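What follows is a set of notes on a single structure, which appears directly below.
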Amino acid sequence: MNRIWHFDALRGLMLVLMTLTHLPTRLTAPFSQPFGYVSAAEGFVLLSAYMAGWVYGGRGLRQGPEAMRRALVRRSLKVYLCHMALIVFAFTVVALIAQATRQEAATGLLSFYFEAPLTAWIGAVLMIYMPPLLDILPLYVLFLLLSPLVLAGAARAGWTAVLAASGLCWLAAQWGLGSWLYQQLVVMFGGTIGVQHTGSFSIWAWQLLWVVGLWLGVGTAMRQGEDRKPFSPAVVALAVLVASVFLVWRYVAGPSPLAPGNMWNLLFDKWRLGPLRLLNLTAIVVVVMHFGPGLVQGLRQPVYFTKLGQASLQVFCAHLVAILAILAIWGGEDVDRSPLTDVILVVFTLAALYAVAAITVRARGRKKVGTVKVSEMAVQQQRPAHPC
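Heads up: the sequence shown begins at 1 in full-length UniProt numbering, then just goes up one per residue.
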């Protein structure tokens, strides 16, 4: 499948937004939810699932389910190894620097590791212990591994049944299903890793985004280039209205939709993907799907964002390396820094991410050229000699 630049650019934009959100600067709050009560994380997971459904679902249609399963397992292993590399970096380099500088932003992030290092190592390898910032890739690994089961279930029972089951899991997550199940497992098998150290994201809630993304991606693969059925004018108008209301609300009320401590804020909860947050995301997706294709036709390819999107996994890992190092050396948002320092941190980090992306894309291109040359040589050797 040929790369489509606007998908890469969209992923690159989300990577930049996540970087600006995680960097401890004055830009954290403005860029954490710039389009309403939705962050870049939701969009990144949904788009990743869409691409997985399109690429691997398409492979399943062409080569069969076994080829699709092997490809998904290989991808999940690659993501897992990237996650473990980040864990090693955090538990060694970052931990040592944080202990020397006594920066609470970093020592607090690794608090359980400092309390029980051996348990933390074992828990991290098993993807049970997930410190803040290091809990996104394990989500991706798990969803990739479960994707063959989801796609097989959809092939047997249909997508309606799969989406309904996923929706029920999301609904149960709103009432604390994930925490309750984990506590039951701890009671049954023992364990000293508290639920607060198992990652911020509710797997039972966020799986809905992944399943919906797979569904959309597989649908694209099955259409084989044909245009999808357009949304009705009423649906588009409603989506624009809903997205606009949430956007205005976001910039009038601020990052928190209601007063701090108000229980109704749970409807916008990020970690459990609250109902109103999901509604906001759905409206934005409909707007992007409807207006996006027409808008990109008149745009020049944004090289910076496209390059980042082409190496999204490597850039994501690099942004975490940069964030962890900055937290350990310079501290978090509570540290009083000059605006110039913030600008330097942002510019340096974004430039470093582009360098990582450029190196990755260039290396990938060289590997592809080498593979093509080897294949051509093999074909030539198999050809019969020309008779004299």
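Every residue gets a Cβ at the ideal spot worked out from N, C-alpha and C, and that includes glycine.
Note that the coordinates shown come from a computational prediction; the quantities given were computed from them, not determined experimentally.
Measuring alpha carbon to alpha carbon, tell me which of the options ends up nearest residue i.
{"i": "Ala328", "options": "Ala253, Ala105 and Ser200", "result": "Ala105"}
{"i": "Arg362", "options": "Gln310, Gly331 and Gly199", "result": "Gln310"}
{"i": "Arg277", "options": "Ala157, Val296 and Leu209", "result": "Leu209"}
{"i": "Tyr56", "options": "Leu46, Leu72 and Val45", "result": "Leu72"}
{"i": "Ser350", "options": "Thr21, Lys367, Arg3 and Trp5", "result": "A small correction: the amino acid at residue 350 is Leu; Ser does not occupy that position in the sequence shown. The option with the nearest alpha carbon to Leu350 is Thr21."}
{"i": "Leu17", "options": "Leu353, Phe112 and Arg156", "result": "Leu353"}
{"i": "Ala98", "options": "Phe7, Tyr80 and Ala325", "result": "Ala325"}
{"i": "residue 419", "options": "Arg300, Val296 and Gly292", "result": "In the structure as shown, the chain starts at 1 and stops at 388, and residue 419 therefore has no counterpart that could be examined."}
{"i": "Ser232", "options": "Thr25, Leu15, Ala157 and His290", "result": "His290"}
{"i": "Ala9", "options": "Arg26, Phe44 and Thr28", "result": "Phe44"}
{"i": "Leu216", "options": "Pro339, Leu46 and Leu13", "result": "Leu46"}
{"i": "Met222", "options": "Val186, Ala155 and Gly190", "result": "Ala155"}
{"i": "Val356", "options": "Asp336, Trp330, Phe305 and Leu340", "result": "Phe305"}
{"i": "Pro148", "options": "Arg74, Arg69, Ala95 and Leu133", "result": "Arg69"}
{"i": "Leu110", "options": "Ala318, Thr19, Gln196 and Gly213", "result": "Gln196"}
{"i": "Asn265", "options": "Val248, Gln174, Leu134 and Glu226", "result": "Gln174"}
List the whole-angstrom C-beta distance separating residue i from residue j, where the pair is believed to meet the contact cut-off of C-beta under 8 Å.
{"i": "Val211", "j": "Leu163", "result": "6 Å"}
{"i": "residue 447", "j": "Ser32", "result": "Nothing can be reported for residue 447, as the shown portion of the chain is limited to 1 through 388."}
{"i": "Trp271", "j": "Phe201", "result": "6 Å"}
{"i": "Gly261", "j": "Phe268", "result": "About 14 Å separates the two Cβ atoms, so there is no contact after all."}
{"i": "Phe35", "j": "Ile284", "result": "6 Å"}
{"i": "Val286", "j": "Gly53", "result": "Wrong, their Cβ atoms sit about 18 Å apart, outside the cutoff."}
Can you tell me whether residue i is buried or exposed, with buried defined as 16 or more other CB within 10 angstroms of its CB?
{"i": "Val125", "result": "exposed"}
{"i": "Asn280", "result": "buried"}
{"i": "Ala49", "result": "buried"}
{"i": "Val252", "result": "exposed"}
{"i": "Glu42", "result": "buried"}
{"i": "Phe112", "result": "buried"}
{"i": "Met188", "result": "exposed"}
{"i": "Ala322", "result": "buried"}
{"i": "Ser338", "result": "exposed"}
{"i": "Val79", "result": "buried"}
In chain order, what residues of the same chain have a beta carbon less than 8 Å from the beta carbon of residue i, not counting five sequence neighbours either side?
{"i": "Ala67", "result": "Arg59 and Gly60"}
Less than 6 Å between C-beta atoms, sequence neighbours within five positions excluded: which residues of the same chain meet that for residue i?
{"i": "Ile193", "result": "Gly123, Ile128 and Tyr129"}
{"i": "Val296", "result": "His6"}
{"i": "Leu15", "result": "Leu308 and Val315"}
Whole angstroms is fine: what's the gap from residue i's alpha carbon to residue j's?
{"i": "Ala239", "j": "His83", "result": "36 Å"}
{"i": "Leu137", "j": "Val88", "result": "14 Å"}
{"i": "Val235", "j": "Pro131", "result": "40 Å"}
{"i": "Asp334", "j": "Pro65", "result": "51 Å"}
{"i": "Ala120", "j": "Gly298", "result": "51 Å"}
{"i": "Ala90", "j": "Leu81", "result": "14 Å"}
{"i": "Gly365", "j": "Ser312", "result": "15 Å"}
{"i": "Ala165", "j": "Val346", "result": "42 Å"}
{"i": "Leu168", "j": "Tyr182", "result": "18 Å"}
{"i": "Thr160", "j": "Ile344", "result": "50 Å"}
{"i": "Gln314", "j": "Val303", "result": "17 Å"}
{"i": "Gly153", "j": "Arg3", "result": "28 Å"}
{"i": "Arg102", "j": "Leu13", "result": "33 Å"}
{"i": "Leu241", "j": "Pro30", "result": "22 Å"}
Got a sec? Which residues, its chain only, sit under 7 Å from residue i by beta carbon, not counting five neighbours each side?
{"i": "Ile203", "result": "Leu139, Leu142 and Gly178"}
{"i": "Ala358", "result": "Lys307"}
{"i": "Gly176", "result": "none"}
Is the shortest distance between the beta-carbon of residue i and the beta-carbons of chain D less than 7 Å?
{"i": "Ser200", "result": "No chain D appears in the structure shown, which is made up of a single protein chain."}
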